[in-house]
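Some notes on the structure that comes next.
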Amino acid sequence: MRVFSFYEKASRAFHDYPSLSKLIVIFTVSSGGLLAYSDSKSYHIANNVDSSHTDNKKKKVVVLGTGWAGMSFLKNLDSSKYEVQVVSPRNYFAFTPLLPSVTCGTVEARSIVEPIRNIIGKKKGQILFCEAECTKIDAPNKKVHCRTIQQMGSKGKEEFVVDYDYLVIAMGARSNTFNTPGVEENCHFLKEVEDALRIRRSVIDCFERATLPNISEEDRKKNLHFVVVGGGPTGVEFAAELHDFVNEDLVKLYPKAKDLVEITLLEAGGHILNMFDKRITAFAEEKFSREGINLKTGSMVVKVTDSAISTKEMKSGEISSTPYGMVVWSTGIGTRPVIMEFMKQIGQNNRRVLATDEWLRVEGCTNIYALGDCATINQRKVMEDISVIFDKADKDKSGTLTVQEVQEVIGDIIVRYPQVELYLKNQKMKNLVDLLKDSNGDNEKKSLEVDIEALKSALSQVDSQMKNLPATAQVASQQGAYLARCYNRMEKCEENPEGPLRFRGEGRHRFRPFQYKHLGQFAPLGGEQTAAQLPGDWVSIGHSSQWLWYSVYASKQVSWRSRALVVSDWMRRFIFGRDSSRI
4 MRVFSFYEKA SRAFHDYPSL SKLIVIFTVS SGGLLAYSDS KSYHIANNVD SSHTDNKKKK
64 VVVLGTGWAG MSFLKNLDSS KYEVQVVSPR NYFAFTPLLP SVTCGTVEAR SIVEPIRNII
124 GKKKGQILFC EAECTKIDAP NKKVHCRTIQ QMGSKGKEEF VVDYDYLVIA MGARSNTFNT
184 PGVEENCHFL KEVEDALRIR RSVIDCFERA TLPNISEEDR KKNLHFVVVG GGPTGVEFAA
244 ELHDFVNEDL VKLYPKAKDL VEITLLEAGG HILNMFDKRI TAFAEEKFSR EGINLKTGSM
304 VVKVTDSAIS TKEMKSGEIS STPYGMVVWS TGIGTRPVIM EFMKQIGQNN RRVLATDEWL
364 RVEGCTNIYA LGDCATINQR KVMEDISVIF DKADKDKSGT LTVQEVQEVI GDIIVRYPQV
424 ELYLKNQKMK NLVDLLKDSN GDNEKKSLEV DIEALKSALS QVDSQMKNLP ATAQVASQQG
484 AYLARCYNRM EKCEENPEGP LRFRGEGRHR FRPFQYKHLG QFAPLGGEQT AAQLPGDWVS
544 IGHSSQWLWY SVYASKQVSW RSRALVVSDW MRRFIFGRDS SRI
């Protein structure tokens, strides 16, 4: 009783006097000690604050979405400078890289989600959150039309309109079916937490159906045939997770199903994990083949019914049909309908995805920004601006550029056109002067002078280095943090711009354009083995990379709460195995 009384009093003290509370958390991740110390501050729940009490002078920022881009933007934004409103159908942030682990019970769904109100509640300013979906963006009138997720009594779902000064679109994307017949109706996707939970239930259902007494051997095999479509990181990781789940846990509970389970991975291209180093691709294909995962490359899905999946061999054109128990579709992303309608409104109807400039501003709009999977940066080509670059550098209007004139603008060129730096790096050249010298055949830098034609010749291959950024959590998170920093320095940079020269105009840009910094990527391959590809062409495959994966993913959780839950789930799995109950 005394112990209970002590904890009851302590709990009441923490709630009644949060400003006096201190939290010390000592945690160990991958044999490394981590120590965190923070003050618990009292704060007002932003959602209970009437917007009429906010400062009318503040610009209103509306954020659509609570995914990686939206969460990163909110965490880094100085919300005391703006009136901020968040609209999203999800009232939580999900750590999506661990979704494949949720499908098989390695990690629980609750462990990888963080309530968005926990995140915005810790901000200095007032942030209003609305659980609703955006149905229309009215750019000319600066309005966003929304619809509630929940039924509002007999009225059904209510619609409302939100005004904005700045709009940040971070709505993510949907799974791309490529208009393949039957995919929407018969396949599982793996984009949301709900998708992962449905897959988990479906796997258990397949095993339970296969053990019924009156089922035929043919139907038993059909129910235990799991098909994964898409050889990218998500599809490969899910196939590996499912293989481990079956062989480490389910075969013990369903011994008669051991020899009947079949996992098939379909990929239309020639190899899986084609965005990784060839060494990783080869290792993954060999490992899957050795462990009995049926890998079929060059196989495109043409139709899916409720009982069979039809594929076409890319080489021979032969079409075959195979019965299945469950299909998971993981073949890339597509644009959401509301974004497609917005693109038509602003004249981007011929594009696949929303286009922004290098500052993440939507092309054709002045106060709308787009981040993450719903958008792509339309990087301007050097050759499109070659004439104005030459004119800006040629200060004495002599018709030629000297070494000094080139050096005065070289920094601005590299910042404005990042493909130049990438090209120089690939050509193993120190700077643009070396490239001009090599193109001009002049060994003396001091005597180097180039005209417009020589500059065009030197930079003619630079734009070939341009690539679209991958649709990953890493990109979205960096974009959110970048845009938040821009908003935080908006007033300062209006007076003192810090960006590169405006080659098509006067002065400088307010901010430096967004530049993505690749920090590496992982591909878990099952059996406590992971492939890691880090900057500098560093490749590691095996158990050591698995522990690196554990450490990185634990450290990237957005709170100590989720970090503790994820690590405890991993420990539980090591000790007790995965949970196979259907809830």
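Mapping of the sequence shown onto the numbering used here: residues 4 to 586, in sequence order. Backbone N, C-alpha and C define an ideal beta-carbon position, used for all residues, glycine too. Everything numeric in this text was worked out from a predicted model, so none of it was measured.
- In this structure the region 384 to 396 lies against the region 405 to 412, because at least three pairs of beta carbons, one per stretch, are closer than 8 Å.
- Going by DSSP, ASP582 is part of no beta strand (DSSP E) at all; its letter is neither H nor E.
- Between THR533 and the set GLU117, SER547, LEU522, the nearest pair of CA atoms involves SER547.
- Judged by their CB atoms, LEU256 and SER584 are not nearer to each other than the 8 Å cut-off.
- Note that the region 230 to 241 touches the region 276 to 290; at least 3 beta-carbon pairs, one per stretch, sit closer than 8 Å.
- DSSP, read as helix, strand or coil, puts ALA142 in coil.
- The Cβ atoms of TYR519 and VAL478 lie closer than 8 Å to each other.
- Excluding sequence positions up to five before and after ILE389, its CB lies within less than 7 Å of the CB of LEU458, LYS459, LEU462, all in the same chain and listed in chain order.
- Per DSSP, the unbroken beta strand (DSSP E) holding VAL66 starts and ends at 62 to 67.
- Classified as exposed, PHE163 has fewer than 16 neighbouring CB atoms from the shown chains inside 10 Å of its CB.
- The alpha-carbon separation between ASP262 and PHE248 amounts to approximately 15 Å.
- From the listed residues PRO500, GLN348, PHE506, ARG419, the smallest Cα separation to ALA142 is found for GLN348.
- The DSSP assignment places 186 to 189, 196 to 213 as complete runs of the alpha helix (DSSP H) inside the region 153 to 217, in order along the chain (cut-off: 4 residues).
- By the CB criterion at 8 Å, MET174 and CYS489 fall outside the cutoff.
- When the beta-carbon positions are compared, LEU80 and ILE172 stay at least 8 Å from each other.
- For TYR490, the enclosing alpha helix (DSSP H) begins and ends at 476 to 491.
- In chain order, HIS228, VAL230, ILE312 place their CB closer than 6 Å to the CB of TYR327, counting only its own chain and leaving out the 5 sequence neighbours on each side.
- Under the three-state reduction of DSSP output, VAL465 falls in the helix class.
- If you draw a 10 Å sphere on the C-beta of ILE218, you find fewer than 16 other C-beta atoms in it, and that means exposed.
- Annotation for ILE266: the continuous beta strand (DSSP E) segment containing it runs 265 to 270.
- Around the beta carbon of GLU136, 16 or more other beta carbons lie within 10 angstroms, which makes this residue buried.
- By the beta-carbon neighbour count (other beta carbons within 10 angstroms, threshold 16), PRO216 is exposed.
- Looking at the DSSP output, MET329 bridges to PHE229.
- Counting other Cβ atoms within 10 Å of its Cβ, ARG113 stays below 16 and is therefore classed as exposed.
- Residue pairing from DSSP places ARG150 in a beta bridge opposite GLU136, GLU162.
- Beta-bridge partners assigned by DSSP to ALA97: VAL116.
- Under DSSP, GLU452 shares a beta bridge with THR405.
- Per DSSP, the unbroken beta strand (DSSP E) holding ILE380 starts and ends at 378 to 380.
- CA-CA distance, ARG203 to ILE115, rounds to 15 Å.
- Sequence-distant Cβ neighbours of ARG566 in its own chain, meaning closer than 6 Å and more than five residues away, are ALA557, GLN560.
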